[in-house]
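I have placed the structure first, in the form of structure tokens, so that the comments after it can refer back to it.
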Amino acid sequence: MITVTRLNHVPFAVNPDLIERINADPDTTLTMVDGVRYVVTETMAEVIDRIAAFRAEVLDRAYRLGRPADTGEGS
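Its first residue numbered 553, the sequence shown is counted upward by one per residue in this note's numbering.
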């Protein structure tokens, strides 16, 4: 989930996998796959950066979970 802020300054979290498109005309609007729209204070670039950071974190966690645990013993 990524956190964004409504125009009334209330933060909320949204699943970035459900964002269909992002418009900036002039307010940034997230259009979800079900047609729901959210107008947020963040710029389009900020939302895209948050999505990229979220996906990088998911990949990093998946990588770390797939690695054998370090037991601290020598080989």
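Glycine residues also receive a C-beta, built at the ideal position from the N, C-alpha and C atoms.
Between the CA atoms of M584 and R607 - distance to the nearest angstrom:
Each residue's Cα considered, the two are about 18 Å apart.
Considering Cα atoms alone, identify which of A565, N567, I600, G587 is closest to T580.
When only C-alpha atoms are compared, the closest one is I600.
Own chain residues within Cβ distance below 6 Å of V591, not counting five before or after:
Once the five neighbours on either side are set aside, the close Cβ partners of V591 are L559, D579, T581.
Sorted by chain position, which residues of the same chain lie with C-beta nearer than 6 Å to T555's C-beta, five sequence neighbours on each side aside?
P563, A565.
Use the C-beta contact count for P568: other C-beta atoms within 10 angstroms, 16 or more gives buried, fewer gives exposed.
Label assigned to P568: buried.
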